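Worksheet for the structure shown next.
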Amino acid sequence: MISCYLKCLDYPRTLLVFVALLFLLALSFWPRFTFEASSDTLVVEGDPDLAYYQEMEKRFGGEEMLFLTYTPRNQPLLSTEVLAEIAEIQNRLAALENVSSVFSILDAPLLDNGSNDAIDDTAQYLTLRSDQVDFERAGKELVNSPLYANLLISRDGQTTALRLGLRFETELETLREQREKLHSDAHAGSAALSDIEDRYAAEKLSYAEQRAQLIANVRAIKDGYEGSAQLHLAGVPMIAADMIAYVKSDVMVFGVLVTLVILVMLYIFFRRPRWVLLPLLSSFLTIALLIGWLGLIRQPITVVSSNALALLAIFSLSFTIHLVVRYRELLATRPELSHAELVASTMRSKFAPSVYTALTTIVAFASLSSSHILPVEDFGWMMCIGIAIALLVALTFFPASLLLLSRGEASRTLGKPLAINRVFSRWAQHRAGRILVFSVTLIAVTAFGLFQVSLDNRFIDYFKSDTEIRAGMKYFDEHLGGTVPFEVIVAFDPYESEALDEDDAFYFEDEDAFPEKYWFTPDKIKKLRALHHYLEQLPQTGKVISLATLDQVARDHNDGKALDAVQLAVVLGALPATIREQMIDPYADPYSGEMRLSGRIMESGPYFSREKMVADIRQEAQQIGFAEGEVQVTGMMVLFNNMLKQLFNSQTSTLAYVLLATFVMFALLLRSLNLALIGLLPNVIAAATVIAFMGYAAIPLDMMTITIAAISIGIGVDDAIHYLHRFREEYAVTGDVLEAVNRSHESIGRAMYFTSITIIAGFSVLAFSNFVPTIYFGLLTALAMLFAMLANLTILPALLVLHPLYRVKSAKAG
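Counting from 1, position 387 in the sequence shown corresponds to residue 627 in the numbering used here; the numbering is continuous, with no gaps.
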């Protein structure tokens, strides 16, 4: 294989034309490359709770919501001028495309401002739009209303919220179902699959664009009223849109900054333009080809998989820097070789370790496919493809470009060993025992830290304190009842229509337009009310709405007494269809026998266990009188929690798979089980140390930090393979383990140091991002590089020095 590859290097121009054609082809698919931030990126593939959640959305209505808070600066909320401005904002919002409805404090029925018989005569309802309304009386009613307090108006009466119902022109649900059917159909043709994938991807892009444009339009309206009021925007659609907006911004802005930092670092280390441009161009080509591939298959990237682009820059730089250092070494030590021979010798010596490095790293990232979380799985296979592309670019573009350049001059400083590598080399040679003791101590400290890693994730923590989205979520929590929704579905016997006898108390001669009102009995409301009260008392919950809320409104207008069966049927029958659609239909479905309690979580409150909360709700429901299985907790909170649990559970299987596969790859490359174990152990320690650091620093495990283990092992294994490959070459020449370690540090150790420091400096720039997961990713990746370098320049050579086989052979040689 190597001989065939080296023959290809005789045609550098042909190789460059080949790479250029691939680049142009990839470039043509760039317009189809997209970002995505939908609920699919926050759930577990095949999660039964997801199917149940989608079913409940269809049954009770799952319209997306945005909330705009409004706090007047210098006037009372319930004043003519302020209400006129709120009406103006509401009209402007309602006129926006994709806004299906806007409900504000102006639309809330006022039962205490009209007839005393308003509960039975809805025609008497007044609102704040009515001319004869008493603002003082209305204010007291609203802030004390079981329905509107902490929903439309804050308890202090100073803040209100406008609720925007969103409806997008999309066929995503239909296309998703068609897509799932085709994928499960063994006889589905490739053309049909390709067509549905194209349509599905295009529809998702259209939806994302519509949502982003809508939120931008709402913000433009909001900004126009900042002079007279304090306004905040909140809602799950905004969280998703802002997350992807931050990622896009980081890819653009920090991509440039990271490139500049890496450029400076490469010039400091190599002092030649060619050794700066060739690694950077190789990284650019790798990323460009991957983007083209993703565009070709219409695979969008998410908040998680966007990290693939940054990581590919790491691995591409690693490949090319090792090649640069080897070429420069041969240039200095073998001046008799021609330029073409130098390039060929460089590629011959680095071909095997580069291929095995790529294969081992691919194996590490392939382990992420066991997570069953779509964005994590996507990230895994994107990295596998990307690393294969990086290897292809390193083996073609780099040598072909170098062959077309002049021979260059040998570096004057190349013969001088790096001071820090010299220190590491001496430690490994003469203090190997101490390093081993330190490693054992580190393992103990690391083991304790691993148990400190938590799953305490909150959306609000993804954003810095000075960002608009975090300020909005915190303000909404404090004044208007929470941000992240959850739902509790309780089951009763379904409604069955039956003919009524004339003597029946509920018999009416006229045809009843709402006969299912008889399903709403006081017994059902009593059980619902008990569960509703429990949810409201939980410290982590904000506003909770259900039919128990309306029951409390009825009690407030019935001398505090619950309605009996006749009163309940009369009141429900008297409600206009429009009121039933808003107040009844979203919270009850008599034909399925289900009622819905809708609540919101206080994201800015203390951390709590979602798992325990769900278990406690089910336990309380059984004590109230619901049978096991009659109560289901669902919503984004539950789906997000399931994703976190799956992340945690997949860690054991993922790491076990990575370690086993990496050990096998080491054994195949080095043809030695001993060396395979020696190469693996330092990198296990380095990866575990990064995860333990997360535990001690209280950095939670989430969709982005879950990849750090694979990243750490992937990076560390690269260094270990190159070091062990060079060590074997040096040991074969010298027969002395100490001298082999010393020479390895001076040669391959230099490449490891240059690669690590360059990437650490570049990725530290991400600490300035506004998106906290990006900050964690940048700093943890830099930390993984540092730990991997230290482990492979200290622990790895120390184990080699202490290995009985090498000590015996070195003694005999001496």
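Positions of the beta carbon are idealized from the N, C-alpha and C atoms, including for glycine. Note that the structure is a prediction, hence the values are computed from the model and not measured.
Review point. How is S243 classed by DSSP in three states: helix, strand or coil?
Key: helix
Point to revise | Nearest residue (CA-CA) to F994, options F343, L318, Q539 and L503 | key: L503
Check your understanding: Grouping DSSP H, G and I as helix and E and B as strand, with all else coil, what is D357?
Key -> Caution is warranted here: a pLDDT of 45 is assigned to D357, below 50, making its placement in the model unreliable, and no coordinate value can be reported.
**Study point:** Spatially closest choice to I629 from L1019, L557 and L690, by CA coordinates
**Key:** L557
Exercise for review: Please state whether DSSP places Y310 in a helix, a strand or coil.
Suggested key: strand
Review point. Terminal residues of the continuous beta strand (DSSP E) containing T947?
Key: That residue, T947, is in no beta strand (DSSP E); it is neither H nor E in DSSP.
Check your understanding: Taking the C-alpha atoms as reference points, what is the distance between F703 and V724?
Key -> 15 Å
Practice item. Would you mind working out which of A441, Q453 and S607 sits nearest L534, comparing C-alpha positions? Key: A441
Review point. If you check the beta carbons only, do R514 and L645 fall under 7 Å apart?
Key: yes
Practice item. Within 10 angstroms of the Cβ of F510, are there 16 or more other Cβ atoms? Answer buried if so, exposed if not. Key: buried
Practice item. Could you have a look at M305 and say whether DSSP puts it in helix, strand or coil? Key: strand
Practice item. Taking all protein chains shown into account, decide if C624 is buried (16 or more other Cβ within 10 angstroms of its Cβ) or exposed. Key: buried
Exercise for review: Have a look at L308 and V458 and give me their C-alpha separation to the nearest angstrom.
Suggested key: 9 Å
Check your understanding: In whole angstroms, what is the alpha-carbon distance linking L346 and T311?
Key -> 15 Å
Review point. Three-state secondary structure (DSSP) at G620?
Key: helix
Check your understanding: alpha helix (DSSP H) containing M1029: first to last residue?
Key -> V1012 to L1030
Exercise for review: Report yes if the CB atom of P1037 is closer than 7 Å to the CB atom of V973, and no otherwise.
Suggested key: no
Review point. Three-state secondary structure (DSSP) at R512?
Key: coil
Practice item. On the DSSP bridge assignment, give the partners of D829 in chain order. Key: E834
Point to revise | Span of the beta strand (DSSP E), counted from its first residue to its last, around L402 | key: T400 to L406
Exercise for review: Ignore the nearest five residues each way along the sequence and tell me which others in G648's own chain have a CB closer than 8 Å to its CB.
Suggested key: R512, R514 and L571
Check your understanding: Does DSSP put S446 in a helix, in a strand, or in coil?
Key -> helix
Exercise for review: Under 6 Å Cβ to Cβ from F269, same chain only, skipping five residues before and after it: list those, please.
Suggested key: G532, G535 and L536
Practice item. Going by CA-CA distance only, name the one from V930, L837 and Q777 that's closest to V685. Key: V930
Point to revise | Candidates F1027, L1023 and L720, of which the one nearest N390 by Cα | key: L720
Review point. Thinking just about the alpha-carbon of each residue, which of G975, A580, L306 and M622 is nearest to the one in R538?
Key: M622
**Study point:** Cβ pair S987, M1025 closer than 7 Å
**Key:** no
Review point. Taking the DSSP output, what are the residues bridged to T781?
Key: I841
Exercise for review: Compare the Cα-Cα distances from L884 to each of F699, S1004 and G919 and report the closest residue.
Suggested key: F699
Exercise for review: Just the C-alpha distance for R840 and Q692, rounded to the nearest angstrom, thanks.
Suggested key: 28 Å
Check your understanding: Buried or exposed: which applies to T1034, given that a residue is buried once 16 or more other Cβ atoms fall within 10 Å of its Cβ?
Key -> buried
Check your understanding: Would H472 pass as a contact of Y831 if the rule is Cβ separation under 7 Å?
Key -> no
Check your understanding: Can you give the beta carbon distance from M943 to V544, rounded, assuming they're within the 8 Å contact cut?
Key -> 5 Å
Check your understanding: CB-CB under 7 Å to M905, same chain, minus the five flanking residues each way: which ones, in chain order?
Key -> Y596, L599, T600 and V603
Point to revise | Buried versus exposed call for G800 [16 or more other C-beta atoms within 10 Å across all chains shown] | key: exposed
Practice item. Quick one: residues in its chain with C-beta nearer than 6 Å to the C-beta of F1003, no 5 flanking neighbours on either side, listed in chain order? Key: G1018, T1021 and A1022
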